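According to our numbering, the stretch in the sequence shown is residues 6 to 444, in order. As structure tokens, the structure follows; a few thoughts come after it.
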Amino acid sequence: MSTIVRFAPSPTGRIHIGNARAALLNWLFALKTGGQFILRYDDTDVARSTQEFADGIAADVAWLGIKPARVEWQSKRFARYDAVAADLKARGFLYACYETADELDRRRKRQQARGLPPVYDRASLKLSPGEIAAFVAEGRKPHWRFKLAQKPVEWNDLIRGAVHIDTATLSDPVLIREDGTYLYTLPSVIDDIDFDVTHVIRGEDHVVNTAVQIEITEAIGGKVPAYAHYSLLNGADGKGLSKRLGSLSIQQFREDGLEAMAVVSMASLLGTSDSIHPCTDYSELVESFDLGKLSRAPARFDEAELKLINAKLLHMLPWGAVKDRLAYGDEAFWLAVRGNIEKLADAKAWHGIVAGDMKGEVAEADAAFIAAARAALPPAPWDGSTWKAWTEAVKAATGRKGKELFMPLRRALTGLDHGPELAALLPLIGREKALARLG
Ligand code: GLU
């Protein structure tokens with residue numbers, strides 16, 4: 006059986022780290038099983054969904070390296086949803102309800118006051134034709150609820166193991182609002198059936214939905230997919246991420262100059278039994294991917310850790326992985342500086358230091374020492390051994406050693422007291438510039 010999975014964002018905003026995790030777990034599953042990944046826009050909320058957000062999400066998904074085999078839009082499928090809804094109504098699975106939001110609210114409060122669970126009491130099912138006619142005459146339009154079987158629903162969750170939910174404990178869910186628009190539940194089930202989705206991999210906030218959706222799938226006569234619900238993300242403070250999600254958007258990470266593979270590595274490995282570490286491409290992630298490695302405990306997302314993973318990733322990236330994105334430098338330059346940057350853009354400052362015209366910093370007390378060092382500069386051509394030969398000569402000439410010897414040279418050559426190995430930088434700076442900086 007070939008697998009089909011879907012990532013189903015609503016284009017009512019851009020995707021954040023939590024959505025990226027949903028996308029990546031599905032994408033890795035598809036890659037691992039040789040299956041198909043569908044990008045499905047859950048845009049039944051026509052008023053809040055925009056083309057701009059959808060385009061933005063497509064760009065975010067592409068930036069993450071995900072290549073959907075197929076893109077679907079729920080807003081293009083209303084005729085299909087209407088047909089299924091009509092059939093469910095005809096067979097008594099969808100029933101009309103006439104309560105206003107206020108009435109429902111009051112009823113819930115009364116139930117709570119009496120210590121009863123706030124489950125919808127199916128009062129609308131008991132209305133007489135006369136009562137219904139009176140509501141209609143009053144101008145009320147019905148919303149439509151799905152009549153749950155009120156029985157235990159069980160599935161073998163690929164992350165959580167055996168799950169049992171008794172739908173007798175749930176309110177019959179509203180699937181169609183009184184203005185005729187669909188809530189997410191029914192279109193999602195119809196799409197999963199029509200697109201032959203084999204595995205639904207999504208957050209644990211959907212566990213209860215799953216019990217409902219399994220019943221709806223069965224009512225429609227569709228094949229129930231396998232389900233896997235992963236735990237949600239908390240922030241470094243252990244609290245939910247919801248309030249800060251804007252700042253954790255994929256767009257923001259990209260604009261901040263983070264590497265896509267750093268975000269991919271982190272989002273893919275969070276909450277698994279594998280350590281969070283940078284992966285330079287997908288191959289290792291696919292190799293080690295296993296839904297069974299996902300923990301049931303909330304995963305912790307720490308932005309500081311993402312920055313660290315980003316730096317570690319850069320430190321190991323080969324020149325080939327960055328050369329198209331750097332408009333300067335060469336392989337020797339990249340290998341010299343990559344260990345000293347946190348973001349790719351940081352390489353630019355090092356390029357300025359290597360290739361630019363700058364005057365080094367020489368303290369008055371070091372002036373004679375620097376003059377002696379200048380005189381001891383070896384002749385060109387320079388290579389990786391020049392630094393050692395030079396500093397040994399300077400040591401012999403001046404008697405300085407250790408920090409006393411190296412720090413004034415570093416400051417004079419780079420203007421800084423930290424940075425990449427001077428053995429690597431010196432040949433990049435070259436004899437002519439070194440002479441000028443030491444002079
Ligand atoms: N649009 C839904 C969400 O973002 C999709 C959930 C699902 O995967 O079924 O929560």
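Yeah, the Cβ is synthetic: ideal placement off N, Cα and C, and Gly gets one too. None of the values given here were measured: they were computed from a predicted structure.
Taking the CB atoms as reference points, tell me whether residue i and residue j lie closer together than 8 Å.
| i | j | result |
| --- | --- | --- |
| Thr-49 | Tyr-187 | yes |
| Pro-303 | Leu-237 | yes |
| Val-359 | Leu-414 | no |
| Leu-349 | Gly-262 | yes |
| Leu-443 | Tyr-287 | no |
| Lys-180 | Leu-153 | The residue asked about is misnamed: residue 180 is Leu in this sequence, not Lys. No, Cβ-Cβ distance for Leu-180 and Leu-153 is not below 8 Å. |
| Asn-31 | Phe-12 | yes |
| Ile-255 | Leu-69 | yes |
| Ser-15 | Asp-47 | yes |
| Gly-276 | Ser-300 | yes |
| Ala-3 | Ile-43 | Examination of residue 3 is not possible in this model, given that the chain is present from 6 through 444 alone. |
| Ala-272 | Leu-29 | yes |
| Asn-315 | Glu-347 | yes |
| Leu-246 | Gly-23 | yes |
| Glu-77 | Asp-197 | no |
| Ala-377 | Arg-436 | no |
| Val-291 | Leu-99 | no |
| Ile-375 | Ala-417 | yes |
| Pro-123 | Arg-113 | yes |
| Gly-40 | Val-10 | yes |
| Trp-355 | Leu-340 | no |
Please name the residue in the options whose C-alpha comes closest to that of residue i.
| i | options | result |
| --- | --- | --- |
| Val-158 | Ala-13, Ser-133, Arg-119, Val-217 | Val-217 |
| Lys-131 | Glu-104, Lys-400, Ala-372 | Glu-104 |
| Leu-382 | Gly-243, Lys-400, Ala-368 | Lys-400 |
| Leu-322 | Arg-405, Ala-398, Arg-305, Asn-345 | Asn-345 |
| Ala-441 | Val-367, Leu-421, Pro-386 | Val-367 |
| Ala-64 | Arg-53, His-21, Phe-83, Phe-98 | His-21 |
| Cys-102 | Val-76, Ala-91, Ile-137 | Ile-137 |
| Glu-426 | Arg-343, Asp-371, Lys-114 | Arg-343 |
| Gly-297 | Tyr-232, Pro-192, Glu-310 | Tyr-232 |
| Gly-445 | Leu-121, Asp-184, Ser-293 | Nothing about residue 445 can be read from this structure; the chain reaches only from 6 to 444. |
| Asp-162 | Tyr-46, Gly-227, Thr-215 | Thr-215 |
| Val-269 | Glu-260, His-282, Ser-278 | His-282 |
| Tyr-125 | Phe-140, Arg-150, Arg-96, Leu-311 | Arg-150 |
| Ala-88 | Gly-23, Ser-293, Ile-225 | Ile-225 |
| Ala-265 | Tyr-100, Leu-246, Arg-305, Lys-312 | Lys-312 |
| Arg-165 | His-211, Val-202, Ala-128 | His-211 |
| Trp-160 | Gly-325, Lys-244, His-234 | His-234 |
| Gly-208 | Phe-411, Ala-95, Asp-371, Ala-25 | Ala-25 |
Which residue marks the beginning of the beta strand (DSSP E) containing residue i, and which one marks its end?
| i | result |
| --- | --- |
| Gly-166 | 166 to 171 |
| Gln-41 | 41 to 46 |
| His-234 | 231 to 235 |
| His-148 | 148 to 151 |
| Val-268 | Per DSSP, Val-268 belongs to no beta strand (DSSP E); it is in the alpha helix (DSSP H), 265 to 274. |
| Arg-11 | 9 to 12 |
| Phe-98 | Unbroken run through Phe-98: none, as it is neither H nor E. |
| Ala-304 | 304 to 306 |
| Val-179 | 179 to 181 |
| Ile-346 | No beta strand (DSSP E) contains Ile-346, which DSSP labels as neither H nor E. |
Following a CB-centred definition, is residue i positioned closer than 7 Å to any heavy atom of the ligand GLU?
| i | result |
| --- | --- |
| Asp-199 | no |
| Tyr-189 | yes |
| Pro-230 | no |
| Val-205 | yes |
| Pro-192 | no |
| Ser-15 | yes |
| Asp-65 | no |
| Asp-261 | no |
| His-211 | yes |
| Asp-50 | no |
| Asp-47 | yes |
Grab the span of the alpha helix (DSSP H) containing residue i for me, first residue to last.
| i | result |
| --- | --- |
| Tyr-86 | 83 to 95 |
| Val-217 | 212 to 225 |
| Tyr-103 | No alpha helix (DSSP H) holds Tyr-103; DSSP gives it neither H nor E. |
| Tyr-287 | 287 to 293 |
| Ile-20 | Per DSSP, Ile-20 belongs to no alpha helix (DSSP H) and is neither H nor E. |
| Asp-362 | Where Asp-362 is concerned, there is no enclosing alpha helix (DSSP H), given that its DSSP letter is neither H nor E. |
| Pro-192 | 190 to 199 |
| Val-399 | 391 to 403 |
| Pro-134 | 134 to 142 |
| Val-76 | Looking at the DSSP string, Val-76 is not in any alpha helix (DSSP H); the run it does join, the beta strand (DSSP E), is 75 to 78. |
| Trp-339 | 336 to 342 |
| Asp-65 | 56 to 68 |
Looking at chain C, is there any beta carbon in it that lies within less than 8 Å of the beta carbon of residue i?
| i | result |
| --- | --- |
| Asn-24 | Absent here is chain C; the protein component of the structure consists of one chain. |
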